[in-house]
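Numbering (the working numbering), first residue to last: 51 to 972. First comes the structure, then the notes that go with it.
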Amino acid sequence: MSTPQLEKTYDPKAVESRWYSTWSERGYFRASATHPGLPYSIVIPPPNVTGSLHVGHALNHSLQDILIRWRRMQGRNTLWLPGTDHAGIATQNVVEKQLMAEGASRESLGRERFIERVWQWKATSGNTIVNQQKQLGESCDWDRLRFTMDEGLSKAVLEVFVRLYEDGLIYRGERLINWCPRCLTALSDIEVEHEDIKGKLYSIAYPLEQDPSIALTVATTRPETMLGDTAVAVHPEDPRYNRFIGQRVRLPLTNRTIPIVGDSILVDREFGTGAVKITPAHDFNDFEAGERHRLPRLPIFDHQALLDLDALNTAGVEPELSTNIAGLTISKARPKIEQVLKDRQLLVKVEDHKMAIGKCYRCKTVVEPYLSPQWFVKIKPLAEPAIQAVEDGRIRIIPEGWVNNYLGWMRDIKDWCISRQIWWGHQIPAWYCETCNSGLFAKKVPIGASLTAHAFFTILQGATPIVARSAPTNCPTCGGNKFLRDPDVLDTWFSSGLWPFSTLGWPEQTPELKTYYPTSTLVTGLDILFFWVARMIMLGLKFMGDVPFRDVYIHALVRDAEGQKMSKSKGNVIDPLHVMDQFGTDALRFTLASMASPGRDIKLAEERIEGYRNFANKIWNAARFALMYLDGPRTEMPVAERSFPDRWILSRLNRTVEVVTAELEAYRFDRASSALYQFIWHEYCDWYLELIKPALQDPAHPDGPGTRQTLVDTLETTMRLLHPFMPFITEEIWQTIPHRGESIVIQPYPAPDNAGQAPEAEERFALLEQTVSLVRTGRVLLNYPPGQQIPFYVSHDDPSRHEQLRELQRYLGHLSRGTAEPAAQTVWPSTNLLRLVTEGLSVGLVVSGDVDLKKALDRIVKQQEEQEKEIGRLNGKLGNQEFVAKAPPEVIADHQNRLRGLHNDQTILASSERQLRAMLGT
RNA sequence: GGGCGGAUAGCUCAGUUGGAAGAGCGCUGCCCUUACAAGGCAGAGGUCACAGGUUCGAUCCCUGUUCCGCCUACCA
Numbered sequence: 051m052s053t054p055q056l057e058k059t060y061d062p063k064a065v066e067s068r069w070y071s072t073w074s075e076r077g078y079f080r081a082s083a084t085h086p087g088l089p090y091s092i093v094i095p096p097p098n099v100t101g102s103l104h105v106g107h108a109l110n111h112s113l114q115d116i117l118i119r120w121r122r123m124q125g126r127n128t129l130w131l132p133g134t135d136h137a138g139i140a141t142q143n144v145v146e147k148q149l150m151a152e153g154a155s156r157e158s159l160g161r162e163r164f165i166e167r168v169w170q171w172k173a174t175s176g177n178t179i180v181n182q183q184k185q186l187g188e189s190c191d192w193d194r195l196r197f198t199m200d201e202g203l204s205k206a207v208l209e210v211f212v213r214l215y216e217d218g219l220i221y222r223g224e225r226l227i228n229w230c231p232r233c234l235t236a237l238s239d240i241e242v243e244h245e246d247i248k249g250k251l252y253s254i255a256y257p258l259e260q261d262p263s264i265a266l267t268v269a270t271t272r273p274e275t276m277l278g279d280t281a282v283a284v285h286p287e288d289p290r291y292n293r294f295i296g297q298r299v300r301l302p303l304t305n306r307t308i309p310i311v312g313d314s315i316l317v318d319r320e321f322g323t324g325a326v327k328i329t330p331a332h333d334f335n336d337f338e339a340g341e342r343h344r345l346p347r348l349p350i351f352d353h354q355a356l357l358d359l360d361a362l363n364t365a366g367v368e369p370e371l372s373t374n375i376a377g378l379t380i381s382k383a384r385p386k387i388e389q390v391l392k393d394r395q396l397l398v399k400v401e402d403h404k405m406a407i408g409k410c411y412r413c414k415t416v417v418e419p420y421l422s423p424q425w426f427v428k429i430k431p432l433a434e435p436a437i438q439a440v441e442d443g444r445i446r447i448i449p450e451g452w453v454n455n456y457l458g459w460m461r462d463i464k465d466w467c468i469s470r471q472i473w474w475g476h477q478i479p480a481w482y483c484e485t486c487n488s489g490l491f492a493k494k495v496p497i498g499a500s501l502t503a504h505a506f507f508t509i510l511q512g513a514t515p516i517v518a519r520s521a522p523t524n525c526p527t528c529g530g531n532k533f534l535r536d537p538d539v540l541d542t543w544f545s546s547g548l549w550p551f552s553t554l555g556w557p558e559q560t561p562e563l564k565t566y567y568p569t570s571t572l573v574t575g576l577d578i579l580f581f582w583v584a585r586m587i588m589l590g591l592k593f594m595g596d597v598p599f600r601d602v603y604i605h606a607l608v609r610d611a612e613g614q615k616m617s618k619s620k621g622n623v624i625d626p627l628h629v630m631d632q633f634g635t636d637a638l639r640f641t642l643a644s645m646a647s648p649g650r651d652i653k654l655a656e657e658r659i660e661g662y663r664n665f666a667n668k669i670w671n672a673a674r675f676a677l678m679y680l681d682g683p684r685t686e687m688p689v690a691e692r693s694f695p696d697r698w699i700l701s702r703l704n705r706t707v708e709v710v711t712a713e714l715e716a717y718r719f720d721r722a723s724s725a726l727y728q729f730i731w732h733e734y735c736d737w738y739l740e741l742i743k744p745a746l747q748d749p750a751h752p753d754g755p756g757t758r759q760t761l762v763d764t765l766e767t768t769m770r771l772l773h774p775f776m777p778f779i780t781e782e783i784w785q786t787i788p789h790r791g792e793s794i795v796i797q798p799y800p801a802p803d804n805a806g807q808a809p810e811a812e813e814r815f816a817l818l819e820q821t822v823s824l825v826r827t828g829r830v831l832l833n834y835p836p837g838q839q840i841p842f843y844v845s846h847d848d849p850s851r852h853e854q855l856r857e858l859q860r861y862l863g864h865l866s867r868g869t870a871e872p873a874a875q876t877v878w879p880s881t882n883l884l885r886l887v888t889e890g891l892s893v894g895l896v897v898s899g900d901v902d903l904k905k906a907l908d909r910i911v912k913q914q915e916e917q918e919k920e921i922g923r924l925n926g927k928l929g930n931q932e933f934v935a936k937a938p939p940e941v942i943a944d945h946q947n948r949l950r951g952l953h954n955d956q957t958i959l960a961s962s963e964r965q966l967r968a969m970l971g972t
């Protein structure tokens, strides 16, 4: 029979798309609640529907695919559920940018047409990332692809919102929230990124109303907010100021006076001047202080964070100043106010000051605390069980280090602001009766807005919502039938928080839900631990009564080779698709897996991927080698009857199976990869294939049939072992070599087999390797070309080892390219011989021709020096009474043995040195 | 401010019941030896951040210091 031949180098492109479509067509990735086996399920962290695959996705998805393919091969009933996220603000921003380029805006389109437009954009770009995921080889059940805005998932969102509202866990209230003046929406606390900046600390004098010659000096980083001050606070126990409590100060630049209050929470006596201005409408601390002292709130910025003329007038700001700064941004207004204060000698000093500012995580605009009515989830009652679930181990977080992080955040969690003033998303199911709430619908046109900009619309605090699954027909209070729906939509994370059960059909009780919930593992990055993971746990426990997943595996962030965060603006992004095109998908996947060490970010450089491309090629060529020599009979023999190389490689393979499986169970993708790499390259290719060449190349060799069988068996098993990591090349090779079954995807994963263990063969191999390496070293020292056949002697101090050398004779000769002569050193020639020694093993290379022995002598001398040092160290330890008295006996024995061995080696080395010097004539 | 993680070969990183320092890449030398030059063979290279402590013995355990990351926080 003739065996198929492979190309000389592996060409990933020729292989990848072909196999992926085959796998899809045959439905290998399709899950069913009726499949046999213990369920194993993963829901994918849904990427942004209009995004494209970046290297962070590639890591996240590769790890999930490894787990899923591994479990599928183990016979589990696997489901990997894919999907995408509507990413409210981000997607809306993208479409708005497109509109802007066309000279339009979302306001000019109107809500309905705008949303249509976003759906269109989703239709055109939504498949991009899905196709890229397929290129990466992801074995998702694509028939179950979900999208957070799907009808079913939207129904789940509605259901959850209404039930939470009915349970009193959702409320609407006017609060100070984080507001992005560019996106024009509220953000939750965690959507704000903090950044340290060098700011200034301004000290401003506020004269006392009763005695303007005395002034309280307050310190602030935002002088412009003084216009909205409604009090000054001092510490009630501060002797410098507490006598002023109850008096009033004139608020400079306004016609107002404001009270001096005592507040021990807000005021830190050590900081600044010890007196604090209170601006309840523009600062979170001040808001709370305002609550404590029943202070009015005077906002002075509008929703675009511009100074607002009406508001300035309401705040009693001097008219001249008001007209001067109205409509300005904060950064433009600040110097003007600073100048006026300076002119009036109220600006006491300005110092440099380190501070943090918050930025919108989507657009990086500085966020403003902004007073507005919003929807909130009362979170404590939901957080409590979610803390429990992690504490009692129903959910494992891996690596464990993040547990405290999670618990700390959960214990100190704040109510979740879920309303967003955007259009793309799940609109809040709340309606307001127009009769009962008349006067509570406010419109506002931004200052300086273009004519196309429509009014900014708000439903004021105090309006009474009717929350329902569908629009109400009659008002339960007045019977009216005209309603206005709340214009806000929900935070995208509200819908992704339901992902593990909404995607399985909830609120219907589907077979899928029964079978695959709770899911087995969640694989995600640290950056969305709070955004997403925590919310899923809370909502899963609330609505399913059980955790959404058992294990949470948190992987690292992928950075560039310098450790910088990848970003488009820095231009240091590694495009996974480009890399896959250049080096092959398997190479990228294996690279990412091999670098996924817990608790450490991945610094990715292209050279690494290139290295694993080479690894793929190595595997490819091992397969080529096997195919080349496969002609001829093959015999399945009991392990004990196989040749030494066969017993050895089977033992090593078995060990590798054990290690890879155990490491995967521990989510140590890095160690699993390195075990595979080490085995395939440095044991299978470097040694095994070399060892068996004589048996394969001689058609009459007695070991031939058994060896060919072992060669195929081990290669086939190795391909299955490697398949979850490198799905494409393993399938291609597996299909080419003798195999049973239609695809490697659905073959059983190798299981460890104790019968394969051959400690005797492994021990023998260690001696073989040591001997061959020593001979090769001698070869290099003597400058013998690799091809030259050389005669050499071998011997060992240990008689049983010496006997093994005898048995290994032909392997030694073959691997060292020469003829091995096992013989006692007493019969070795006393001249023209280079003797090398290590750990009782001696080899002697015949010196012939005109060779420079200097290199050899240098090596011997250096080895002697090193060993001297080691002997000294061991002697020191063994001479130490305390060591001998307290160290365990086996350690002492080990030290003594090593010392004896070193002494023996030294004797031989000394004689070898003498011989060399004699030959050199020195 | 608080918390967490890291500091090991030129680079990127492994290394748990404390008992002779590892890998990959890079580097040097020799080889196109019919599986593979995307390769083979042989090498060089480390007081395991610093200072103490515990111990017969510390890269590993404890304390402190320095540097670098990340998370978190209302010091105006």
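Glycine included, each C-beta is placed from N, C-alpha and C at the ideal position.
In this structure, DSSP gives Gln354 a state outside helix and strand, which the three-state scheme calls coil. Per DSSP, Ala584 lies in no alpha helix (DSSP H) and is assigned neither H nor E. Within the same chain, Asp313 and Ile315 come within 8 Å of Arg342 by CB-CB distance, once the 5 residues on both sides are set aside.
Around Leu432, the same chain offers Leu219, Met588, Leu589, Leu591 and Lys592 as residues with beta carbons nearer than 8 Å, after the five sequence neighbours per side are excluded. Membership of Gly408 in any alpha helix (DSSP H) is not indicated; the residue belongs instead to the beta strand (DSSP E) covering Leu397 to Cys410. Residue Leu129 holds the alpha-carbon nearest to the alpha-carbon of Gly77 among Gly106, Leu129, Lys63 and Gln124. When DSSP states are grouped into helix, strand and coil, Gly828 belongs to the helix group. Closest in C-alpha terms to Ser644, from the list Ser723, Tyr717 and Arg609, comes Ser723. A distance of 7 Å or more separates the beta carbons of Leu765 and Tyr679. Unbroken beta strand (DSSP E) runs of no fewer than 3 residues, entirely contained in the region 245-317, are found at 265-270, 281-284, 298-300 and 307-312, following chain order.
As computed with DSSP, Lys493 is found in a beta bridge with Phe507.
Here His751 has Pro744 and Ala745 as same chain residues with Cβ atoms under 7 Å from its own Cβ, once five neighbours each way along the sequence are excluded.
Counting along the chain, Ile92 sits inside the beta strand (DSSP E) bounded by residues Pro89 to Val93. DSSP assignment within the region 684-766 yields the following whole alpha helix (DSSP H) runs of 4 residues or more, N-terminal first: 694-715, 719-727 and 739-747. When the alpha-carbon of Thr780 is set against those of Asp610, His846 and Trp69, the nearest one is in Trp69. When the five nearest sequence neighbours on each side are left out, the beta carbons in the same chain lying within less than 7 Å of the beta carbon of Met769 are those of Thr780, Ile783, Trp784 and Ile794, in order along the chain. Of all C-beta pairs linking the region 595-603 to the region 439-458, three or more are shorter than 8 Å, placing the two stretches in contact.
Here the alpha carbons of His107 and Val390 stand approximately 53 Å from one another.
The C-beta separation of Ile227 from Gln424 comes to about 5 Å, placing the pair in contact by the 8 Å criterion. Counting other Cβ atoms within 10 Å of its Cβ, Leu761 reaches 16 or more and is therefore classed as buried. Exposed is the label assigned to Pro836, since fewer than 16 other Cβ atoms lie within 10 Å of its Cβ. When the five nearest sequence neighbours on each side are left out, the beta carbons in the same chain lying within less than 7 Å of the beta carbon of Lys927 are those of Phe933 and His945, in order along the chain.
According to the DSSP assignment, Lys327 belongs to the beta strand (DSSP E) that extends over Ala325 to Ile328.
Counting only the Cα atoms, Ile407 lies some 16 Å from Ala236. Here Ile310 is not near Thr280, since their CB atoms are 7 Å or more apart. Excluding five sequence positions before and after Arg856, the CB atoms of its chain that fall closer than 8 Å to its own CB belong to Pro872, given in chain order.
Membership of Ser546 in the alpha helix (DSSP H) is indicated by the continuous run Thr542 to Ser546. Beta-bridge pairing by DSSP links Leu129 to Ser91.
About 18 Å separates the Cβ atoms of Tyr834 and Trp878, ruling out a contact at the 8 Å cut-off.
The alpha-carbon separation between Gly621 and Phe351 amounts to approximately 36 Å. Phe544 sits close to Ile468, with the two beta carbons spaced by under 7 Å.
In this structure, DSSP gives Thr786 a helical state, which the three-state scheme calls helix. The beta carbon of Thr706 sits closer than 6 Å to the beta carbons of Ala725 and Phe729 from its chain, once the five residues preceding and following it are set aside; these are given in chain order. In this structure, DSSP gives Glu388 a helical state, which the three-state scheme calls helix. Counting C-beta pairs with one atom in each stretch, the region 277-293 and the region 318-327 have three or more that are closer than 8 Å, which means they touch.
Straight across, the Cα-Cα distance linking Leu907 with Gln838 is about 22 Å.
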